[in-house]
Amino acid sequence: MSIRLGELAEAVGAELRGDPEIAIQGVGTLQRATEGQLSFLSNSAYRRYLAETGASAVILSEEAASDCSVATLVTDNPYLTYARAASLLFPVAEAAPGIADSAVIAASAEIDKSASIGPCSVIGERVRIGADVVVGPGSVIESECEIGEQTRLVARVTLCHRTRVGARCLLHPGSVLGADGFGLANDQGRWVKVPQLGRVWLGDDVEIGANTTVDRGALEDTILHDGVKLDNLIQIAHNVEVGEHTAMAGCAGVAGSTKIGRNCTIGGQTGLVGHITIGDNVHISGAALVSRSFPKAGYYSGNLPAMENSAWRKLIARLRRLDDMAKDLKLLKKKVKSLTGESFK
Amino acid sequence: MSIRLGELAEAVGAELRGDPEIAIQGVGTLQRATEGQLSFLSNSAYRRYLAETGASAVILSEEAASDCSVATLVTDNPYLTYARAASLLFPVAEAAPGIADSAVIAASAEIDKSASIGPCSVIGERVRIGADVVVGPGSVIESECEIGEQTRLVARVTLCHRTRVGARCLLHPGSVLGADGFGLANDQGRWVKVPQLGRVWLGDDVEIGANTTVDRGALEDTILHDGVKLDNLIQIAHNVEVGEHTAMAGCAGVAGSTKIGRNCTIGGQTGLVGHITIGDNVHISGAALVSRSFPKAGYYSGNLPAMENSAWRKLIARLRRLDDMAKDLKLLKKKVKSLTGESFK
Amino acid sequence: MSIRLGELAEAVGAELRGDPEIAIQGVGTLQRATEGQLSFLSNSAYRRYLAETGASAVILSEEAASDCSVATLVTDNPYLTYARAASLLFPVAEAAPGIADSAVIAASAEIDKSASIGPCSVIGERVRIGADVVVGPGSVIESECEIGEQTRLVARVTLCHRTRVGARCLLHPGSVLGADGFGLANDQGRWVKVPQLGRVWLGDDVEIGANTTVDRGALEDTILHDGVKLDNLIQIAHNVEVGEHTAMAGCAGVAGSTKIGRNCTIGGQTGLVGHITIGDNVHISGAALVSRSFPKAGYYSGNLPAMENSAWRKLIARLRRLDDMAKDLKLLKKKVKSLTGESFK
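Residue numbers (my numbering), protein chains in the order written: chain A, 1 to 345; chain B, 1 to 345; chain C, 1 to 345.
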């Protein structure tokens, strides 16, 4: 694929400064791009590479444009503009419509003719698959699932029975939607399974990372609204609800019945306890333990960052005596008050 | 499925207060249940929905019964009673016995005639599969595995060679039992693999969550005793042993050779270091780091809960100076003692 | 398999003290080994079992040799010597060369005749598979992947397009190499996907645990150098680079563009934020949050170990008032200084 720079600028809505006839065939980082490649600057830490880049053109903001020695595409949001340009240069490979010979399809499944069903995939009774859907190799779609148009299951995805996936979703390998939630009642020390009767319901434009799991609801559904993006190895428990355009980084976990608002970002390895509510526009750092509701927009953090082991050991020892310190301090205040005669605060 | 309320009460051992002829066809939450549905109250936070529920009957405790305007099933443990009632109303779908055409079965495998082997599953030499077992689509059972009666592998489960699974177990999609433990010896900076020669051994009534991994033992077996319940994305390392009826929530991890007692609960994302011992009836919060043995029954916690980022930054800065604070405090105590002439404590 | 002890000693380079004619058929722990089995002592905690072991021979260090009542193989590094001996006694089962009937192979794939391609695996266009490679059942290898000689994909492994795996690697079930990195640009509250155009590049002798995920790079590659060992359920984000012979334990996570040096060890559940640099020979405890670069060799830790819940609640309450304590302390110092007339430190 080769695109003229002028055409590219127009397609992505950036202001071109330079020769519109330059042919762009690929993309690269500022440090390593070569002739014919497009680069971008969105993190100012890389600005020093602008002057000597081998790229044929660079996407950047007005503010940085003067540092650049090659053609530029000037825009307010260079990373977004880059995303669009790269999508034009590298369109997702189209899958050939049709059903692979080795796929096993239940008689009552309704599969659009434009859909592509990969080898060794298994599709159950009454499944409905929309136009231009791609079900990659080795996937298992249990009975009564529904997949909206243009959604892509890359490979080895599992949808358990009655899972609903919207349009234009992207499900990465190994992801499992609709396994039973972890519902157990205790009978004198033995666990009795609580049937998990809800579904997983995904809106449109949802992305699910590799080996991520989203459990079906206990009674009502587990819901990921339009535009939710989950990275790899995330666990979403039963009856969680995640609002529009919220993104979570890898290894995060959300316990049962927690509601998360829209336009939130949740850092990697962060865990949320069950039955809490997170408002819209909440941002949580990585590796945090969220133990209560944060209804208000804001930035929240937790955890103790790593340090040299010797310093950490000393800190932990001090923490174990923090209660003693507090008591000593209280006593000291009393004594000093009696010495000075002044009230302490 | 429709069941008369009187019949249901008898089957689950609850006291019926109301018309035994009411037909129950489904279940629902107190807030959303409609006519013909059964609901339950086990968390007192939802008691306020009792008066106006649209359910035809509610399972609840004696104490809450008077608040309810519809028929009730009174019981000591409403959640357990609900679990039983829902299991009667929604029995697990039976799989048709037999072997799918696309399954690949080794000649020496012994598969009970009542078992159901799904499409695109692969079963190795000398595997033994008991009565009424379901091996869902896309599963791989390596050689010499053994699966007890009524166990269900939902889909895309992997059992590595010689894994032993008891009766009535439930293994969710993507789970992997019996992969090599992480055993490495160091040879002057290079890792040399230590053969992992033990097995994974599961008792009866064990549940394994989606994408959970249980490694085979190095020399002896990794053992999950009867009734152990593991949620999704849990890692159990080689030679771990987990006692009867212990449950672990999602994303927990247990390092090698650790022994966990019976009737424990381990919170989500909690990690246990290797070579420690956890007693019976130990309960550990989520996101805790268990760095030493807890042989005694009790409730244990760790981790610093998330807070506003500004407060967290201040706290971390204070923690970095905690040692200085402790030293100042010691000096102050000495000075005050010399001022007052009194011994400090 | 049975090996004479004399032969074994020579093969692993240990000094034999005892009868070279003893036949060794297996291995076992000091506590449980029986006649014909070889055991080893590498952790001094088990030294007390030496005197009464039922093993026919024990691998140990000079220092411990005198405690042992049976034949010994004396060596500087007993665990390493054991690894070698066990590998001789239990060689990995060879897979029969050839392509299973149920495998689906693209016409342009180049597969060495000595390779073994398991049932229900799917291999894409222009894939190149080297000599003695084993692709276990249910694996999916997308187009243009390359797999070096003697590498083994145990079962149900996914390699996304253009992934490069070196020689003698071992990829456990459910692992996913080359899924898209988590690259998103924000367009007024909506996420726009940033195409992930790099690859995953694995050196030789790399081991990848069950259900571990390694994402493809955004522009350049995600790289795991020779001898890297990853345990289960680890997440490696786009453009991470891990140096030779670095090992990571289960459930660790590394965010995007972070570089880790060689010969490091990373504990289980430890998380590294993105865009940082970890030097060579860095060792990080489990469950740590690495929030900044550690360029220097050393031992680093974080996190608050679990304790009794009542003590933890008290500690967290104290921590919430740590700022007040620091302020009180400052005031006290001032007051005591005014009483004593001495400068405080």
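Even for Gly, the Cβ is constructed at its ideal location relative to N, Cα and C. Here the structure is a predicted model, which is why all the values come from computation and not from measurement.
Can you confirm whether residue i, when its beta carbon is compared against all beta carbons of chain A, has any partner nearer than 9 Å?
i, result
"residue 310 (chain C)", "no"
"residue 136 (chain B)", "yes"
"residue 248 (chain C)", "no"
"residue 314 (chain B)", "no"
Can you find a CB in chain B that lies within less than 9 Å of the CB of residue i?
i, result
"residue 186 (chain A)", "yes"
"residue 340 (chain C)", "yes"
"residue 201 (chain A)", "no"
"residue 158 (chain A)", "yes"
"residue 268 (chain A)", "no"
"residue 129 (chain A)", "no"
"residue 325 (chain A)", "yes"
"residue 80 (chain C)", "yes"
"residue 283 (chain C)", "no"
"residue 237 (chain A)", "yes"
Kindly indicate which three-state DSSP category residue i falls into: helix, strand or coil?
i, result
"residue 288 (chain A)", "coil"
"residue 144 (chain B)", "coil"
"residue 313 (chain A)", "helix"
"residue 1 (chain B)", "coil"
"residue 181 (chain C)", "coil"
"residue 340 (chain A)", "helix"
"residue 233 (chain C)", "coil"
"residue 296 (chain B)", "coil"
"residue 200 (chain B)", "strand"
"residue 187 (chain A)", "strand"
"residue 81 (chain B)", "helix"
"residue 6 (chain B)", "helix"
"residue 15 (chain C)", "strand"
Beta-carbon within less than 7 Å of residue i's beta-carbon, same chain only, minus the 5 sequence neighbours each way: which residues are those?
i, result
"residue 292 (chain B)", "276"
"residue 102 (chain B)", "119 and 120"
"residue 36 (chain C)", "23, 24, 25, 26 and 56"
Let me check understanding here. Comparing Cα to Cα, which of the options lies closest to residue i?
i, options, result
"residue 302 (chain B)", "B:313, B:290 and B:258", "B:290"
"residue 92 (chain B)", "B:151, B:62, B:286 and B:54", "B:151"
"residue 182 (chain A)", "A:158, A:315, A:284 and A:222", "A:222"
"residue 377 (chain A)", "A:192, A:208 and A:112", "No answer is possible for residue 377 (chain A): the residues shown for chain A start at 1 and end at 345."
"residue 163 (chain B)", "B:295, B:57 and B:197", "B:197"
"residue 193 (chain A)", "A:259, A:199, A:171 and A:184", "A:184"
"residue 219 (chain B)", "C:77, C:327, C:33 and C:304", "C:33"
"residue 49 (chain B)", "B:61, B:4, B:56 and B:67", "B:67"
"residue 264 (chain A)", "A:280, A:253 and A:270", "A:280"
"residue 169 (chain B)", "B:51, B:224 and B:295", "B:224"
"residue 295 (chain C)", "C:322, C:258 and C:316", "C:258"
"residue 113 (chain A)", "A:124, A:125, A:122 and A:100", "A:100"
"residue 110 (chain B)", "B:122, B:97, B:126 and B:45", "B:126"
"residue 165 (chain B)", "B:128, B:54 and B:323", "B:128"
"residue 132 (chain B)", "B:144, B:143 and B:148", "B:148"
Can you confirm whether residue i, when its beta carbon is compared against all beta carbons of chain C, has any partner nearer than 9 Å?
i, result
"residue 22 (chain A)", "no"
"residue 279 (chain B)", "no"
"residue 180 (chain B)", "yes"
"residue 145 (chain B)", "no"
"residue 209 (chain A)", "yes"
"residue 348 (chain B)", "Chain B is shown only over 1 to 345; residue 348 (chain B) falls outside these bounds and no answer can be derived."
Using DSSP's beta-bridge definition, name the partner residues of residue i.
i, result
"residue 116 (chain C)", "C:98 and C:134"
"residue 307 (chain C)", "B:301"
"residue 212 (chain C)", "Residue 212 (chain C) is not bridged to any residue."
"residue 248 (chain B)", "B:230 and B:266"
"residue 57 (chain B)", "B:38 and B:71"
Who are the near neighbours of residue i in its chain, counting only those whose CB is closer than 6 Å to its CB and skipping five residues on each side?
i, result
"residue 134 (chain A)", "95, 116 and 152"
"residue 79 (chain A)", "42"
"residue 217 (chain A)", "198, 238 and 239"
Near residue i, what residues of its chain come up, given a Cβ to Cβ distance below 8 Å and the 5 sequence neighbours on each side ignored?
i, result
"residue 232 (chain B)", "172, 209, 210, 211, 212, 250 and 251"
"residue 51 (chain B)", "67, 68 and 69"
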